[in-house]
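The structure under discussion appears below in the form of structure tokens.
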Amino acid sequence: MTHPHLAVETDGPVRTLTLDHPEKRNAQTPSLWAALAQEARSVPDDVRVVVLRGAGEAFSAGIDTAMFTPEGVPGEESIAALAAGGAEGIQRGIAAYQEGFTAWAQCPAVVVAQVHGYAIGAGFQLALAADLRIAALDSWFAMRETSLGLVPDLGGTGPLVHLVGYARALEMCATGRRITAPEAHGIGLVGSLAPAADLEEATESLVDALLAAPAPALLALKPLLRGAMEGGRDAQLAREREAQTGLLQGLLGGADA
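Written out as structure tokens, the structure reads:
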């Protein structure tokens with residue numbers, strides 16, 4: 002276990018990472034993002050599929066909102082402390098946070114997000130960081146950062162626009178509304194749906210289908226297809242950081258750079 006709220010299990014060519022803080026609906030923190038980045042970079046060569054999932058009632062409720070309070074989360078950097086570092090400090094911090102999401106694109110294994118309950122904010126962005134998404138029929142997604150006066154800044158804006166188009170992405174992020182699993186499937190956000198009771202079995206079937214492909218072909222396919230759609234990835238990440246920097250400074254009174 003690399004983090005107290007991240008369980009890692011390996012079964013032959015399949016590694017399963019479970020966000021394991023169900024009492025807080027798998028709320029996320031910077032230390033968890035650092036652990037996710039480390040896991041993405043250290044997947045063994047013989048692991049061909051990684052499954053990201055959540056324990057308890059939901060995939061993830063997003064960022065731990067206690068980080069926005071003066072007290073923060075014990076052992077974690079608060080958002081107020083981040084904002085106090087000025088523009089350069091904010092962008093360095095966000096760049097480190099983004100690694101917990103963007104590192105999965107460079108992971109050689111195919112990454113599958115198994116979503117149940119809900120995936121909100123950072124939870125939604127973690128699902129977007131995966132190569133494939135499978136969801137329970139009664140699950141839902143929401144990008145709620147704008148309701149806090151912020152923007153999504155954990156690598157999710159690029160994949161979202163690629164998957165659903167600019168207009169839909171704008172509407173989803175601006176309104177923060179719920180996107181039901183059937184709607185998500187209909188617009189290409191989710192590739193597969195299953196009744197909640199059958200989600201584990203459906204995920205296993207998807208993983209088995211991926212493993213049925215010859216290993217060298219699957220290994221070559223992921224970077225080939227990602228390369229076709231990610232020409233502006235670094236620039237997009239920088240735009241996320243820059244937009245969030247100004248918003249955080251305005252909300253929390255951070256020092257000027």
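Position one of the sequence shown corresponds to residue 2 (my numbering), numbered consecutively onward. All residues carry an ideal CB built from backbone N, CA and C; glycine is no exception. Being a predicted model, the structure only gives us computed values, none of them experimental.
Item, Value
"In whole angstroms, what is the alpha-carbon distance linking E72 and E89?", "23 angstroms"
"How would you label A131, buried or exposed, when you count the other beta carbons within 10 angstroms and need 16 or more for buried?", "buried"
"At the level of alpha carbons, what is the spacing between L200 and A85?", "43 angstroms"
"Can you give me the C-alpha to C-alpha distance between V191 and A182, rounded to a whole angstrom?", "7 angstroms"
"Assuming the contact rule is C-beta atoms closer than 8 angstroms, F69 and A128 should be a hit. Round their C-beta distance to whole Å, please.", "Rounded, the Cβ-Cβ distance is 22 angstroms, inconsistent with contact."
"Only counting runs of 4 or more residues, tell me where the alpha helix (DSSP H) segments fall wholly within the region 66 to 150, in order along the chain.", "80 to 84, 87 to 107 and 123 to 130"
"Measure the CB-CB distance between M144 and G159 and report whether it falls below 8 angstroms.", "no"
"If we call anything under 8 angstroms between Cβ atoms a contact, is I180 one with W141?", "yes"
"Let me check one thing: in DSSP terms, what residues is G1 bridge-paired to?", "Outside the displayed range of the chain (2 to 258) lies residue 1, so it cannot be described from this structure."
"Per DSSP, what kind of secondary structure is V208 in: helix, strand or coil?", "helix"
"Taking the alpha-carbon of I30 as reference, which of S79, A41 and E58 has the nearest alpha-carbon?", "A small fix is needed here, since residue 30 is Thr in this sequence, not Ile. The candidate whose alpha carbon is nearest that of T30 is S79."
"So, for T246: in the same chain, excluding its five sequence neighbours on each side, which residues have a beta-carbon less than 8 angstroms away from its beta-carbon?", "A88, I91, Q92 and I95"
"In the DSSP output, what is Q29 paired with across the bridge?", "I64"
"Got a sec, what are the start and stop residues for the alpha helix (DSSP H) V162 sits in?", "T158 to V165"
"Using 10 angstroms around the beta-carbon of E100, count the other beta-carbons present and answer buried if the total reaches 16, otherwise exposed.", "buried"
"Identify whether T181 lies in helix, strand or coil by the three-state DSSP scheme.", "strand"
"When you compare the region 32 to 51 with the region 9 to 23, are there three or more beta-carbon pairs, one atom per stretch, that lie closer than 8 angstroms?", "yes"
"Leaving aside the five residues before and after G57 along the sequence, list all residues of the same chain whose C-beta is less than 6 angstroms from its C-beta, in chain order.", "P23"
"Output needed for R26: all residues of its chain with C-beta closer than 6 angstroms, excluding positions within five of it in sequence on either side, in chain order.", "A59 and A62"
"How far does the alpha helix (DSSP H) with A244 in it reach, from first residue to last?", "R234 to L253"
"From E205 to L33, what distance separates their C-alpha atoms?", "25 angstroms"
"For T3, does the three-state DSSP call read helix, strand or coil?", "coil"
"In three-state terms, what does DSSP make of D46?", "coil"
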